[in-house]
Amino acid sequence: MRFDVPVVGLKTVEVMQRCRVTALAMDAGRTLLFDRARVIEAADAAGIAIEAFPLEAIGGAEQPAKQGKL
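Here the sequence shown is numbered in our numbering, starting from 60 and rising by one per residue.
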């Protein structure tokens with residue numbers, strides 16, 4: 060069984076800093092955050108804001124992708 064889950068870690072913050080990205084929005088409860096304390100510390104030092112949003116806050120329940128003609 061395969062699960063596709065977004066993952067955030069120190070490498071994410073490093074890449075965001077190199078690309079001059081200043082904010083990261085994540086799905087609350089659906090994103091793996093590795094080494095939380097160090098990620099937050101690195102993001103703060105880089106001026107990167109991190110916010111997690113519940114699915115309901117960004118448009119309600121997940122809808123399956125529509126296939127075929129609309």
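The C-beta atom is built at its ideal place from N, Cα and C for all residues, glycine as well.
- Comparing alpha-carbon positions, the option among Ile99, Met85, Thr90, Phe62 lying closest to leucine 69 turns out to be Ile99.
- Burial state of threonine 81 is exposed, judged by a 10 Å Cβ sphere holding fewer than 16 other Cβ atoms.
- The C-alpha of aspartate 94 is placed about 11 Å away from the C-alpha of valine 66.
- Under DSSP, the beta-bridge partners assigned to alanine 84 are Glu110.
- Per DSSP, alanine 116 lies in no alpha helix (DSSP H) segment and is marked neither H nor E.
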